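See below for the structure under consideration.
Protein chains: 2
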Amino acid sequence: MGNLKKRSECPISSSLDIWGDKWSLLIVRDLMFSKQCTYGDFLKSEEKIATNILASRLQMLEENDVITKQEHPESKAKVLYKLTQKGIDLLPLMIEINLWADKYFTLPPERRVMLEEVKKDKDAFIASKIIELL
Amino acid sequence: MGNLKKRSECPISSSLDIWGDKWSLLIVRDLMFSKQCTYGDFLKSEEKIATNILASRLQMLEENDVITKQEHPESKAKVLYKLTQKGIDLLPLMIEINLWADKYFTLPPERRVMLEEVKKDKDAFIASKIIELL
DNA sequence: TAAATTTGCTTGCGTTTTGCAAGTGCAAAT
DNA sequence: ATTTGCACTTGCAAAACGCAAGCAAATTTA
Numbered sequence: 672m673g674n675l676k677k678r679s680e681c682p683i684s685s686s687l688d689i690w691g692d693k694w695s696l697l698i699v700r701d702l703m704f705s706k707q708c709t710y711g712d713f714l715k716s717e718e719k720i721a722t723n724i725l726a727s728r729l730q731m732l733e734e735n736d737v738i739t740k741q742e743h744p745e746s747k748a749k750v751l752y753k754l755t756q757k758g759i760d761l762l763p764l765m766i767e768i769n770l771w772a773d774k775y776f777t778l779p780p781e782r783r784v785m786l787e788e789v790k791k792d793k794d795a796f797i798a799s800k801i802i803e804l805l
Numbered sequence: 672m673g674n675l676k677k678r679s680e681c682p683i684s685s686s687l688d689i690w691g692d693k694w695s696l697l698i699v700r701d702l703m704f705s706k707q708c709t710y711g712d713f714l715k716s717e718e719k720i721a722t723n724i725l726a727s728r729l730q731m732l733e734e735n736d737v738i739t740k741q742e743h744p745e746s747k748a749k750v751l752y753k754l755t756q757k758g759i760d761l762l763p764l765m766i767e768i769n770l771w772a773d774k775y776f777t778l779p780p781e782r783r784v785m786l787e788e789v790k791k792d793k794d795a796f797i798a799s800k801i802i803e804l805l
């Protein structure tokens, strides 16, 4: 299942081996916007990921230390997923994706607002966001 | 074949719809390091992409204006692939991937050298690289 | 306290994508 | 004229995906 076989020593390639698919970074995105999510929260996202795909991606990301499971404070039936430091470190990357998309797609209004903040002072935005996520 | 069906209006999602797979960014990488490549050049890369996958990714990237075909100055049998402005604009993203990988993988020496330059002055590195690619 | 619901998955199964090998058509070199 | 090089295409088995249904444990409701 979550077997990481590196195709090469190239850092781009090694990174793609972990999150180079259509879903993994959407999970990371959800965690960056929400700080923590349950399994059900991910399923509620606009893109409608299938349950088995979600399970396999969560496992893959956990095995590669991008996310961690935690027990939910209110219920044993629920599981909380959070970003690890390694996951939080994907923030600059996510921001660059947003900036690229901002140039070539039409962004939803809420994201435009965030992007304006990023454009004003990228480093400051990243710093404050990291604190928020810890 | 190269049908872009957006899963949502989210910029991350829309971006992944284009290059969110294990191979597309490796093609972009090759073009950023080499400025221009032939079909055969891509095949020589360490990761050993299959010919049919390469063809489908090149088509997808061309349809989404990330790369362009040009005729080779020396031969009609060869085809030159280059990054478009949209493709060149992926440079900051590629750099962030490198920086992330630098923290969590062991990079090959040549890349470490480049990364040192990036860390000294990221914007300057990007600026000079863009000029190089145009 | 028994039944129904919620939650986080797993399983089956048909469809799509991938990966490998071989083949094709055109250009260029021999 | 024939062989080689280059850019793909094709066939096919294997893997991954996507949808729906199922399931066990925890929690809520009656």
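Just so you know, the sequences run in chain order A and B. Counted the way my numbering counts, the first sequence spans residues 672 to 805. Counted the way my numbering counts, the second sequence spans residues 672 to 805. Glycine is no exception: its CB is placed at the ideal position from the N, C-alpha and C atoms. These figures come from a predicted structure and were not determined experimentally.
Residues of chain B whose Cβ lies closer than 8 Å to the Cβ of ALA772 (chain A) are, in chain order, PRO682, ILE683, SER685 and SER686. Chain-ordered, the chain B residues with CB closer than 9 Å to the CB of LYS693 (chain A) read ARG678, SER684, LEU687, ASP688, GLY691 and ASP692. The beta carbon of MET785 (chain A) sits no closer than 8 Å to any beta carbon of chain B. Put simply, the region 722-741 of chain B touches the region 750-763 of chain B. At least three CB pairs are less than 8 Å apart. Within the DSSP secondary-structure output, LYS753 (chain A) pairs in a beta bridge with A:GLN707 and A:THR739. At least 8 Å separates the beta-carbon of LEU714 (chain A) from that of LEU687 (chain B). GLU718 (chain B) and ARG678 (chain A) have their C-alpha atoms some 5 Å from each other. Flagged as an interface residue toward chain B: GLU718 (chain A), by a C-beta distance shorter than 8 Å. With its beta carbon at least 8 Å from every one in chain B, LYS747 (chain A) lies outside the interface.
Annotated as distal: GLN707 (chain A) and LEU675 (chain A), with beta-carbon spacing of 8 Å or more. In the DSSP assignment, TRP694 (chain A) falls outside any alpha helix (DSSP H), carrying neither H nor E.
A Cβ-Cβ separation of about 12 Å leaves LEU805 (chain A) out of contact with MET703 (chain A) under the 8 Å criterion. Annotated as distal: ILE768 (chain B) and ARG728 (chain B), with beta-carbon spacing of 8 Å or more. Taking each of A:PHE796, A:ILE689, A:SER684 and A:ILE720 in turn and checking the Cα distance to ASP701 (chain A), the smallest one comes out for A:ILE720. In this structure, the CA atom of LYS790 (chain B) is about 45 Å from the CA atom of SER746 (chain A). Contact annotation: SER685 (chain B) and PHE776 (chain A) have beta-carbon atoms nearer than 8 Å. Cβ atoms of ILE797 (chain B) and PRO744 (chain B) stay farther apart than 8 Å, at about 28 Å. According to the DSSP assignment, THR722 (chain B) belongs to the alpha helix (DSSP H) that extends over 722-734. The beta carbon of LYS749 (chain A) lies closer than 7 Å to those of THR709 and HIS743 in the same chain, with the five residues before and after it left out.
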